[in-house]
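K.L.:
The listed protein sequences derive, respectively, from chains E and H. In terms of the numbering used here, the first sequence opens at residue -3 and continues consecutively. In terms of the numbering used here, the second sequence opens at residue 1029 and continues consecutively. Built from N, CA and C at the ideal position, the CB exists for glycine as well.
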Amino acid sequence: MSGIAGEVDRRTAARWRRRTDSGLRLLAAVPLGYAVASLWAMALARLLPMPAAPATITATLIAFAVCAAAVMWAYAARSGWRAVWTLALAGGIAAGITWASIAAGGRL
Amino acid sequence: MKGFRQSQSTLHTWSGLLLGWVLFVIFVAGTAAYWREALNRWMRPETPRVERPLNALAKAEAWLNRRAPDAKTWFITMPTAEAPGTYVFWVPQPDPAAKGRRHRRRDTFALIDAAGTPTARDTRGGDFFYRFHFDLHYMPVIWARWLVGFAAMMMLVAILTGIVTHKKIFRDFFTLRRAKGQRSWLDGHNAAAVLGLPFHLMITYTGLVTLSAMLMPWATIANYADGTKMAAVMFPSADEATRTGTAAPLPDLAAIVRDGERRLGGPVGYIEVAEPGDTAARVTLTRASSISLNTYGDRVAYDAAGRVVWRSPPSDGARTTYGAMIGLHAGRFGDATLRWLYFLCGIGGTLMVASGLVLWTVKRRERLADPSRPPLGFRVVERLNVAVVAGFPLGCAAFFWANRLIPLDAPGRGNREVAYLFAAWGAAGLVSLAVRPRYGWVALLGGTAAMLAALVAYDAVLLRPGLANWIAAGDWALASVDLVLLALAAVLAWTARRVALYKPRVRTVRAATRARPAVLPAQLEPAE
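Following this line, the structure appears as structure tokens:
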């Protein structure tokens, strides 16, 4: 009897692991994917070696590709956790660049 | 590589399914919107053709001068032979008493025909499809655009993951296995997707760009504390005119347009008259987007005496790219041939989305443990497919019929036409929920085919002027609308017949030859 109960427990645990993984990937894809694209749009707008207006437009045009790539990565990563932390890190780097650049150069 | 492809296949299936229904109606509306002006004319059949645009412009100017002589600004869309007349829109002088109250656009908008009077038939015309394509209906515009933007991003993801998932993209390009169930649907989906792949990628990415000011304002925020500075770069304009209060005769718009066409190197698309009838009046012309891929035409401004006072600065590479992406999406730069190509590609995209939605059910049906009792989720998807893929076209057919049958003097006529679209679509939705999907497909596809065929017959026999007059006068823009509807009716009727005559193969034979135990529902979960 305990064998069957153990089997049921194991199955329940596996189902919960799958659900957590799906939830984390969804979190990584939708809010985080958009956040990473937005933050890299900001960082690129500051970094691209051109005047402010064309840099702004170019960064905006590139941002949608970044967003699509982030969504694909959220499902390609080995695990849901990995998807979340790698995207959070990618967004954090862009946020750091943007913050440092605005602190140093200000905005128009 | 296998793991990557597998993960992307899952993403492809779910992003495609969840937004597929929204994408389908966006695709249908966008495809119809390539004939926006033709539909604007077709839905106002009694409106005379614009033979001489400058003459029509002068009549619209005279009408505006009677209706809104002291407006702050007039906006005039330059009439062309493709349009039913001159679209005019005006902004009244700011009223200090009404501060904070929002100005309602529909009270200050008119369509003036070539004879100089507002058009008789109140209708949204082809503009309905254009607005519905990104504003949807019955919901706040901002919500609609975020939903459309989200769906477009999922579409981009579905296209990219579709490419990754597709192992033999070139071999499958030449493969169409007919009458093979799931395999045929997959081949059909692949053919629609791969044939139009450059178009699908282009239209999806540029669609996101058209909404980028709302979806992706972050680059602007990073560089500008004052966002209006960026707007001034994107949409340069002359300094605002300040009213002097001294009356002056209206500038001769036709003469200014003739001069402007020479200076701008192409036809004029939009005319903006600030402070008309004042000595400070200013006329700004924008070059039509029919002449250039860049949707943002050069601009030139004149004072009340007709002297040039301002010209737009040359566009840099980034802004030109941005404008060209929007131009590529809207396809306004194209002539009739290119417009047909856009239209056919739009149909290809519509078929890609529709076949993908159907494929989802076909694929899962073959793996169901008990096909006579599919799980609830499966049944919902199956019926929603009928409600949207077959139901929305039926709603559009009802919209066209309402345009023909509602009396010209009925109050709120234009909105009632739209209400009929949604009422018919709603009824179609109820039918698809009530009956078995197979009967739903046949009833709705067949019903739409009958409605469209009858509409073309109505246009040919009862409508005056109608189809016969258009063909006799060589007015192919209008005749083509009826001919396309007739072709659609034929295709829908053929499809309905195929569904009605379809006999599913007996599954037990397959199961026996495979000699495999029945698939458990639990194993179905990671379905790809």
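(1) Excluding the 5 residues flanking L1046(H) on each side, which residues of the same chain have their C-beta closer than 8 Å to its C-beta?
(2) With 7 Å as the limit, tell me which residues of the region 1170 to 1191 of chain H have their beta carbon closer than that to any beta carbon of chain E; keep them in chain order.
(3) Closer than 7 Å by beta-carbon distance: list the chain E residues that pair up with M1258(H), in chain order.
(4) For D1331(H) and P45(E), I'd like the C-alpha separation in whole angstroms.
(5) For D1437(H), does the count of other Cβ atoms within 10 angstroms reach 16, so buried, or fall short, so exposed?
(6) By alpha-carbon positions, which one of M1479(H), L1513(H), W1469(H), A1485(H) ends up nearest to R1525(H)?
(7) Pick helix, strand or coil for F1052(H), following the three-state DSSP scheme.
(8) Quick one: list the residues of chain E neighbouring M1244(H), beta-carbon separation under 8 Å, in chain order.
(9) Just to confirm my understanding: we take D1326(H), look at its own chain, exclude 5 residues before and 5 after, and list those with CB closer than 6 Å. What are they?
(10) From the DSSP output, in three-state form, read off G(-1)(E) for me.
(11) Give a yes or no on whether the minimum CB-CB distance between V67(E) and chain H is below 8 Å.
(12) Between F1428(H) and N1068(H), what straight-line distance do the alpha-carbon atoms span, to the nearest angstrom?
(13) Among the candidates A1425(H), G1474(H), Y1298(H), N1251(H), whose CA atom is the shortest distance from the CA of T54(E)?
(14) Here's a check: name, in chain order, each residue in its chain whose Cβ is nearer than 7 Å to the Cβ of I1434(H), leaving out the five neighbours to either side.
(15) Between the region 1073 to 1083 of chain H and the region 1216 to 1231 of chain H, do at least 3 Cβ pairs fall closer than 8 Å?
(16) Out of curiosity, what's the CA-to-CA distance linking L1051(H) and L1243(H)?
(17) Taking Cβ positions only, does D1267(H) come closer than 8 Å to chain E?
(18) Which residues of the region 72 to 96 of chain E have a Cβ closer than 7 Å to any Cβ of chain H? Give them in chain order.
(19) Residue range of the beta strand (DSSP E) that D1487(H) falls in?
(20) To the nearest angstrom, how far is the alpha carbon of A1540(H) from that of G76(E)?
(21) In chain order, what residues of the same chain lie with their CB nearer than 6 Å to the CB of E1089(H), ignoring the 5 residues before and after it?
(22) Could you compute how far the alpha carbon of A9(E) sits from the alpha carbon of I1170(H)?
(23) In three-state terms, what does DSSP make of E1079(H)?
(24) DSSP has V1296(H) in a bridge; who is on the other side?
(25) Count the C-beta pairs between the region 58 to 67 of chain E and the region 24 to 32 of chain E that are closer than 8 Å, then say yes if the count reaches three, no if not.
(26) Report the neighbours of L28(E) on chain H: residues whose CB is nearer than 7 Å to its CB, in chain order.
(27) Is DSSP giving T56(E) helix, strand or coil here?
(28) Please list, in chain order, the chain H residues whose beta carbon lies closer than 9 Å to that of L20(E).
(29) Residue ranges of each alpha helix (DSSP H) run of no fewer than 4 residues wholly in the region 1493 to 1539 of chain H, ordered along the chain?
(30) Per DSSP, what kind of secondary structure is L1139(H) in: helix, strand or coil?
(31) In the DSSP output, which residue or residues are listed as bridge partners for Y1115(H)?
(32) By the 10 Å Cβ neighbour count, where 16 or more other Cβ atoms means buried, how is D5(E) classified, buried or exposed?
(33) Could you please tell me which residues of the region 1211 to 1234 of chain H, in chain order, have their CB closer than 8 Å to any CB of chain E?
(34) Does the CB of A100(E) have a neighbour CB from chain H at under 8 Å?
(35) Within the same chain, show all residues whose beta-carbon is closer than 8 Å to that of A1086(H), passing over the 5 residues directly before and after it, in chain order.
(36) Taking Cβ positions only, does I1054(H) come closer than 8 Å to chain E?
P.N.:
Working from what's here:
(1) If we look at L1046(H) and ignore the five residues flanking it on each side, its Cβ neighbours are M1182.
(2) The residues in question are M1181, L1184, V1185, L1188, T1189.
(3) Within chain E, the residues near M1258(H) are A49, T52.
(4) Answer to the nearest angstrom: the Cα atoms are 39 Å apart.
(5) It is exposed - the Cβ of D1437(H) has fewer than 16 other Cβ atoms within 10 Å.
(6) Nearest to R1525(H) by C-alpha distance, out of M1479(H), L1513(H), W1469(H), A1485(H), is W1469(H).
(7) DSSP, reduced to helix, strand and coil, places F1052(H) within a helical segment of the structure shown.
(8) Proximity of chain E to M1244(H) at the Cβ level (cut-off 8 Å) is accounted for by A33, S34, A37, T56, A59, F60, in chain order.
(9) Contacts found: L1292, R1315, S1340.
(10) Helix at G(-1)(E).
(11) With 8 Å as the cut-off, V67(E) counts as an interface residue toward chain H.
(12) So the alpha carbons of these two residues sit roughly 12 Å apart.
(13) Comparing Cα positions, the closest option is N1251(H).
(14) The answer, listed in chain order, is R1441, R1444, E1445.
(15) In the pairwise beta carbon analysis, the region 1073 to 1083 of chain H is classified as not touching the region 1216 to 1231 of chain H: fewer than three pairs are separated by under 8 Å.
(16) Here the C-alpha atom of L1051(H) lies approximately 17 Å from the C-alpha atom of L1243(H).
(17) It does not: the Cβ of D1267(H) has no partner Cβ on chain E nearer than 8 Å.
(18) For the region 72 to 96 of chain E, residues whose beta-carbon sits nearer than 7 Å to a beta-carbon of chain H comprise A72, T94.
(19) From DSSP, D1487(H) is part of no beta strand (DSSP E) but of the alpha helix (DSSP H) over 1465 to 1489.
(20) Summary for A1540(H): the model assigns pLDDT 42, below 50, so the residue's position carries little reliability, and this model does not support an answer.
(21) Counting only Cβ-Cβ distances below 6 Å, and skipping sequence neighbours, we find L1281.
(22) Those two C-alpha atoms are separated by around 42 Å.
(23) Secondary structure of E1079(H) (DSSP, three-state): coil.
(24) Bridge partners of V1296(H): R1315(H).
(25) The region 58 to 67 of chain E is in contact with the region 24 to 32 of chain E.
(26) For L28(E), none of the residues of chain H pass the 7 Å Cβ criterion, the least Cβ distance being about 14 Å.
(27) In the three-state DSSP reduction, T56(E) falls in the helix class (H, G or I).
(28) Those do not exist, as L20(E) stays about 13 Å from chain H at its closest Cβ, beyond 9 Å.
(29) DSSP runs (the alpha helix (DSSP H)) wholly in the region 1493 to 1539 of chain H: 1495 to 1500, 1504 to 1529.
(30) Residue state, collapsed to three classes: strand.
(31) Y1115(H) is bridged by DSSP to T1105(H), L1139(H).
(32) The residue is exposed, with fewer than 16 neighbouring Cβ atoms inside 10 Å.
(33) Close to chain E, meaning a Cβ-Cβ distance shorter than 8 Å, are the following residues of the region 1211 to 1234 of chain H: Y1233.
(34) Taking a beta-carbon distance threshold of 8 Å, A100(E) does not count as an interface residue toward chain H.
(35) L1281, A1282.
(36) By this cut-off, I1054(H) is not an interface position.
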